[in-house]
Ligand code: ATP
Ligand code: MG
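In the UniProt record's numbering, the protein residues as written are 19 to 774.
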């Protein structure tokens, strides 16, 4: 007998319910955007708790961002009440792995107060190693080695586990040795990088069966969102933890895999079925998020990708606005247009927070930020170059880190002469050298050196004062609340004074940022908790519930949804990004296309794409071509608008003018170059095997790339735009159809449905 349907199960469709109720054994939910995967995962968690199958701390749930984890926690507590508070192990891969590592750090040679390095620190450390090894850092850059080491870690390889071909990489075959040196230095510094969090976990689990057994007993159910973006190390970690119970539920969408450059492996989807035999695979096909044009536009676009599993999606949300595509003069005009429309939407009753601007690259953000400041439109920048990455914030953190762990040489190096206290580069290099030679931290080396005559008297005094300050702050840290400690450090170190004297225009902002920092620290119980948060946090939180337009990159929009979404900068080279195409060719292009799919599918009611004819990229003006993705959108679901008048005038205009004139078969609306090319690409037939059909009950259905088309002369067909007609001729995937009302047209077979 079915259990009595609890409240939280109400409204789920049969497949969703199946995925929620199948708590025992491996489950893989593979489904397109907006089909309720995250909702299934959340409900499943609530269900396990509500039925007493596990207590909150016996559940391991990983999401992609801290924000997603927070939202999940909120939704669960909405469903089942305060029990959700005990979900200790709900977080990102990194945050959960960091928690586990804290408890067993000594097993991998660290202390439990280890620091987590950010990219900046990581590169600085690598630079030191390259210098010490006499490797030409111009030819073999720290950044490149950092990237390589990350790549290895994402694949789950420790230095001794590198395959021979990889070990030969970098600086004439010295990659492996440098990787080893880097790990040794990290250990001395009592630090690790992001990749280490998982890798150390894996080392502990595989070398200490009793520790692993402990976690097997603890984690009775494991749940993973955005599974398509896991990398090998994350997969290995999950597999180890789920080995015993097998109660692992992963949800994902291969079409939304957008972190290939971070080592994410869509193969993990295939691996899952192999490693967890008998896994239940659930497919969800109904999209609850978007109206039909938005869904059809996104489905049409992604159908151009060759490597995909293919899937069916449909929605009951009929009609709605078509996806709007606009060409504008330049980036300035684009931000003006979008800001105007936001104001109009606001007047029409939309809230700012229901509106998102999703950009491919963060450089695109500035124009919007400036415009919004001018018009006083409230906005938030989510993710991207963040508050925590600002120099003054990093400096403040470096003080805290050094107070917390004396071994943190990178923090030491960053602030020993910030603000300037007469301890120059040469002195710092000397200190680091002594540290290296004696295998001690820089602080300890400094303590030794101030007792000698190695340094000039003035330098020695400065350094001694600095060390004394550090000792005093460290003592204060024991009894002073950490926000007060931070304030004291900033004052007593002379940091804030230096900024007050600074006449540069940014000094004031920096002081404000530091104020903001001290204020935000109050949200954490301990200094350690705060520092851990800083290392892990992916997105900037400016307090809850401010009604503000959300600006973010497409990458950080994953999993989110908004009623109105703007997608600016759809230009060749910007999106798809030139770099991604140069570096990874066709694969890179397909990943960009998935990113476009993610972008469009964030929209619930309205999606508005734009491209500019001219753009200033890194200070240089260039003429832009509309993105090929514009061309790939199915015409039936798109409306090209030229109402804005941004096409007129200007010198660059002449260059494009000839291509923006009349456009015979699509009428005045389709007058941009993108639309000229759209027309061409339709006849080229870039969507083999895709079908878009209207079901009897009026639902729109778009089927994936598996479907094969076959038509013959005389077939009756239905086309979304032209209505009913009869096939007159077939040429590859192009059909000549005599439409009852619209007359004879050439159409792509995947745009029509065969009538039986
Ligand atoms: P993405 O691939 O973008 O992460 P998703 O598959 O995780 O999407 P959700 O975010 O879980 O999808 O759901 C999309 C929207 O549909 C949400 O607003 C959600 O509340 C709603 N939804 C999901 N399932 C149902 C349902 N059975 N009834 C009504 N609304 C639903
Ligand atoms: Mg989701």
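Every residue gets a Cβ at the ideal spot worked out from N, C-alpha and C, and that includes glycine. Here the structure is a predicted model, which means the values were calculated and not measured.
What residues are listed by DSSP as bridge partners for residue 573? Your numbering for residue 573 matches position 555 in the chain shown. Bridge partners of residue 573: none, in fact.
Should residue 57 be listed as close to the ligand ATP, given that the test is whether its C-beta is under 7 angstroms from any heavy atom? By one-based count along the chain shown, residue 57 stands at place 39. At least one heavy atom of the ligand ATP is nearer than 7 angstroms to the Cβ of residue 57, so yes.
If you measure from the CB of residue 776, is any heavy atom of the ligand ATP nearer than 7 angstroms? Any property of residue 776 remains undetermined from this structure, which presents the chain solely from 19 to 774.
Distance cut-off 7 angstroms: residue 247 Cβ against heavy atoms of the ligand MG: The sequence position of residue 247 within the chain shown is 229, counting from 1. No, the ligand MG has no heavy atom inside 7 angstroms of this Cβ.
Does at least one heavy atom of the ligand ATP sit under 7 angstroms from the Cβ of residue 510? Indexing the chain shown from 1 puts residue 510 at position 492. The answer is no for residue 510.
Any heavy atom of the ligand ATP closer than 7 angstroms to the Cβ of residue 306? Indexing the chain shown from 1 puts residue 306 at position 288. Correct: residue 306 has its Cβ closer than 7 angstroms to the ligand ATP.
According to DSSP, is residue 622 part of a helix, a strand, or is it coil? Here residue 622 corresponds to residue number 604 of the chain shown, with the count starting at 1. Three-state DSSP puts residue 622 in a strand.
In terms of DSSP beta bridges, what is residue 345 paired with? Within the chain shown, the letter at position 327 stands for residue 345. In the DSSP output, where bridge partners are listed per residue, residue 345 has 629.
Proximity test, residue 309 beta-carbon vs the ligand ATP heavy atom, cut-off 7 angstroms: In the chain shown, counting from the first residue as 1, residue 309 sits at position 291. Checking the Cβ of residue 309 against the ligand ATP gives no.
Does residue 65 pass the burial test, meaning 16 or more other C-beta atoms within 10 Å, or should it be called exposed? Numbered from 1 along the chain shown, position 47 holds the residue referred to as residue 65. When all chains shown are included, residue 65 counts as buried.
For residue 737, does the three-state DSSP call read helix, strand or coil? The sequence position of residue 737 within the chain shown is 719, counting from 1. Judged by DSSP in its simplified three-state form, residue 737 adopts strand.
Do the segment 48-64 and the segment 291-303 make contact, defined as three or more Cβ pairs closer than 8 angstroms? Of all C-beta pairs linking the segment 48-64 to the segment 291-303, three or more are shorter than 8 angstroms, placing the two stretches in contact.
May I have the straight-line CA-CA distance separating residue 215 from residue 354, to the nearest angstrom? Your numbering for residue 215 matches position 197 in the chain shown. Your numbering for residue 354 matches position 336 in the chain shown. Straight through space, the alpha carbons of residue 354 and residue 215 are spaced by roughly 44 angstroms.
Report the start-end ranges of each beta strand (DSSP E) in the segment 80-122 that is 3 residues or longer and not cut off at the edges. Correct list: 108-110.
Burial state of residue 96, where buried means 16 or more other Cβ atoms lie within 10 Å: The residue you call residue 96 lines up with position 78 of the chain shown. Counting Cβ neighbours within 10 Å, residue 96 comes out exposed, since fewer than 16 surround it.
Residue 756 classed as buried or exposed, judged by whether at least 16 other C-beta atoms fall within 10 angstroms: As a working note, residue 756 is residue 738 in the chain shown. Its Cβ having fewer than 16 others within 10 Å, residue 756 is exposed.
Use the C-beta contact count for residue 414: other C-beta atoms within 10 angstroms, 16 or more gives buried, fewer gives exposed. Counted from its first residue, the chain shown places residue 414 at position 396. Result: buried.
Rounded to whole angstroms, how far is the Cβ of residue 338 from the Cβ of residue 309, which I believe are closer than 8 angstroms? In the chain shown, the residue the question calls residue 338 occupies position 320. In the chain shown, the residue the question calls residue 309 occupies position 291. Right, the Cβ-Cβ distance comes to about 3 angstroms (below 8 angstroms), so this counts as a contact.
At least 3 beta-carbon pairs within less than 8 angstroms: the segment 188-207 vs the segment 528-537: As far as the Cβ criterion goes, the segment 188-207 does not touch the segment 528-537, which means the pair count is below three.
Residues near residue 462 by beta carbon distance below 6 angstroms, same chain, minus five either side: Start at 1 with the first residue of the chain shown, and residue 462 comes out as number 444. Cβ neighbours of residue 462 beyond the five flanking positions: none.
Spatial neighbours of residue 297 in its chain, beta-carbon cut-off 7 angstroms, leaving aside the 5 residues before and after: For the purposes of this step, residue 297 is identified with residue 279 of the chain shown, where counting begins at 1. Within the same chain, Cβ atoms closer than 7 angstroms to the Cβ of residue 297 are found at 44, 45, 46, 290, 291, the five residues on either side in sequence being excluded.
Contact check, residue 341 vs residue 651, beta carbons under 8 angstroms: Along the chain shown, one-based indexing puts residue 341 at 323. Along the chain shown, one-based indexing puts residue 651 at 633. Yes, Cβ-Cβ distance for residue 341 and residue 651 is below 8 angstroms.
Let me know if residue 683 comes out buried or exposed under the rule of 16 or more other beta-carbons within 10 Å of its beta-carbon. Locating residue 683 in the chain shown gives position 665, counting from the first residue. Here residue 683 scores only 25 on pLDDT, less than 50, and its place in the model is too uncertain to base an answer on.
Any heavy atom of the ligand MG closer than 7 angstroms to the beta-carbon of residue 577? Position 559 of the chain shown, counted from the first residue, corresponds to residue 577. Residue 577: yes, Cβ under 7 angstroms from the ligand MG.
Taking only the alpha-carbon atoms, compute the straight-line gap between residue 681 and residue 295 and give it to the nearest angstrom. Residue mapping note: residue 681 aligns to position 663 of the chain shown, counting from 1. Residue mapping note: residue 295 aligns to position 277 of the chain shown, counting from 1. With a pLDDT of only 28 at residue 681, under 50, the local geometry of the prediction cannot be trusted, and no value is derived from it.
Please list, in chain order, all residues of the same chain as residue 78 whose beta carbon is under 6 angstroms from its beta carbon, the five residues on each side excluded. On the chain shown, position 60 is the one that residue 78 refers to. Same-chain partners within the cutoff: 107, 237, 240.
Segment limits, alpha helix (DSSP H) that includes residue 194: One-based indexing of the chain shown puts residue 194 at position 176. Run containing residue 194: 193-206, per the alpha helix (DSSP H) assignment.
For residue 18, which residues of its own chain have a beta-carbon under 6 angstroms away from its beta-carbon, when the five flanking residues on both sides are left out? With the chain represented from 19 up to 774, any question about residue 18 goes unanswered, as that position is not in the structure.
Selected residue, minimal CA-CA separation from residue 550, among 473, 118, 380: Within the chain shown, numbered from 1, the residue matching residue 550 stands at position 532. Distances from the alpha-carbon of residue 550 to those of 473, 118, 380 put 118 closest.
Can you give me the start and stop residues for the alpha helix (DSSP H) that residue 581 sits inside? By one-based count along the chain shown, residue 581 stands at place 563. Following the DSSP letters along the chain, one finds residue 581 in no alpha helix (DSSP H) but inside the beta strand (DSSP E) bounded by residues 580-585.
State the Cα-Cα distance for the pair residue 630 and residue 645, rounded to the nearest angstrom. One-based indexing of the chain shown puts residue 630 at position 612. One-based indexing of the chain shown puts residue 645 at position 627. One alpha carbon belongs to residue 630, the other to residue 645, and they sit about 10 angstroms apart.
Delimiting residues of the beta strand (DSSP E) encompassing residue 165: Position 147 of the chain shown, counted from the first residue, corresponds to residue 165. Per DSSP, residue 165 lies in no beta strand (DSSP E); the unbroken alpha helix (DSSP H) holding it starts and ends at 160-172.
Do you know offhand how far residue 597's Cα is from residue 254's? As a position in the chain shown, residue 597 is number 579, starting the count at 1. As a position in the chain shown, residue 254 is number 236, starting the count at 1. Rounded to the nearest angstrom, the two C-alpha atoms are 30 angstroms apart.
Would a C-beta distance cut-off of 8 angstroms place residue 495 and residue 503 closer than the cut-off? Taking the chain shown and counting its residues from 1, the one referred to as residue 495 is at position 477. Taking the chain shown and counting its residues from 1, the one referred to as residue 503 is at position 485. Annotated as proximal: residue 495 and residue 503, with beta-carbon spacing under 8 angstroms.
Beta-carbon contacts of residue 539 that lie in its chain and below 7 angstroms, excluding the five residues immediately before and after: Working through the chain shown from its first residue, we reach residue 539 at position 521. Closer than 7 angstroms at Cβ, skipping near neighbours: 500, 501, 504, 548.
In terms of residue numbering, what span does the beta strand (DSSP E) encompassing residue 754 cover? Here residue 754 is taken as the residue at index 736 of the chain shown, counted from 1. Per DSSP, residue 754 belongs to the beta strand (DSSP E) from 752-757.
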